[in-house]
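Quick notes on the structure that follows.
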Amino acid sequence: MGVFETIKRKPSVLIAKDRLKVLLVSDRVNCTPDALEKVQLELYKTISKYMEVTPETFDVQFTRSTIFIKLTGEES
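Residue 213 is where the sequence shown starts when you use my numbering, and the numbers rise one by one after that.
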């Protein structure tokens with residue numbers, strides 16, 4: 213087993229699905245995909261100042277009127 217075989221890559225189907233979600237949300241909230249990514253990054257940076265989070269455990273969902281922030285993690 214090679215070194216690169218142990219790294220799990222996200223399947224292209226999931227990448228395409230994520231991109232489509234970003235486009236749909238940006239259309240709904242009348243904002244560019246780049247602006248949405250910047251907002252998500254700023255929220256991540258701000259929350260990570262006060263809590264221990266990683267990009268894998270941090271999720272932001274936008275609707276026209278609400279922003280949902282979901283933090284996931286391992287249960288003890």
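Note that the Cβ used here is the ideal one computed from N, Cα and C, for glycine as well. Quantities reported herein were computed from a predicted structural model and do not represent experimental measurements.
Alpha-carbon spacing of residue i relative to residue j, whole angstroms
i      : j      : result
Asn242 : Lys229 : 20 Å
Lys282 : Glu264 : 13 Å
Thr258 : Val225 : 30 Å
Ile227 : Leu248 : 17 Å
Pro223 : Lys250 : 24 Å
Selected residue, minimal CA-CA separation from residue i, among the options
i      : options                        : result
Thr177 : Phe274, Ser277, Pro267         : With the chain covering only 213 through 288, there is no way to say anything about residue 177.
Phe280 : Ser260, Leu255, Pro223, Leu232 : Leu255
Thr275 : Lys250, Leu236, Thr269, Lys261 : Leu236
Phe270 : Ser260, Ser277, Thr278         : Ser260
Residue i and residue j closer than 7 Å at C-beta
i      : j      : result
Val234 : Gln252 : no
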